[in-house]
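So for the sequence shown, my numbering puts the first residue at 2; every next one is plus one.
For every residue, glycine included, the Cβ atom is placed at its ideal position computed from N, Cα and C.
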Amino acid sequence: MRWSFKKNKELRMVGILIVSHGRLAEALISSVQFLVGNLQKIRGVSIWPKDKGKEVRDRIQKEIEEVDDGDGVLILTDVLGGTPTNLSLSFLKEEKVEVVTGVNMPMLLTLSSYRKGRPLREIGKLVKKSGRRSIVLAKALVRVRREKKLIRGKN
């Protein structure tokens, strides 16, 4: 009995919804799937200037229902303070829906590897950490690598 519960739990996963300005949501999903293959329980909602708030909320609600298998939904949005985030915040629900802003490819790559069998809160923290870690000033990164090589005696 314990084994079947564990096995069943591993099959379940947090659903992912990306809500963005323009085609960003679909482009991110397509790009990540190019790298890692098909992702399950992930959808995108694009928001355009002509869209009405109620219509967008209805689309978000529909997609939340599509990706939620009972473990909750993580909504990723493009910009804090933007319409996608502001509309998504109305769906926040403890242990059911979480919103993380500033969506990027590393966040989605993290999700592709770590969302099965983990609770929504943990997934949200992992994604936030992954997104932040992936933002670097490349020049500083190269300089640190060069310094490490010099310390090790490699030129």
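{"query": "K51 (DSSP reduced to helix, strand or coil)", "result": "coil"}
{"query": "Spatially closest choice to I43 from G16, V33, L112, V128, by CA coordinates", "result": "G16"}
{"query": "8 Å contact criterion, which V100 and I61 should meet: CB distance rounded", "result": "That pair is no contact at about 11 Å."}
{"query": "T86 to L109 span [Cα, whole Å]", "result": "17 Å"}
{"query": "At least 3 beta-carbon pairs within less than 8 Å: the region 67-83 vs the region 21-40", "result": "yes"}
{"query": "Supposed close pair S113, V37 - CB separation, criterion 8 Å", "result": "5 Å"}
{"query": "Cβ-based neighbour list, R153, same chain, cut-off 8 Å, excluding 5 preceding and 5 following", "result": "none"}
{"query": "Endpoints, the alpha helix (DSSP H) within which G132 is located", "result": "121-134"}
{"query": "Cβ neighbour criterion (16 or more within 10 Å) applied to R116", "result": "buried"}
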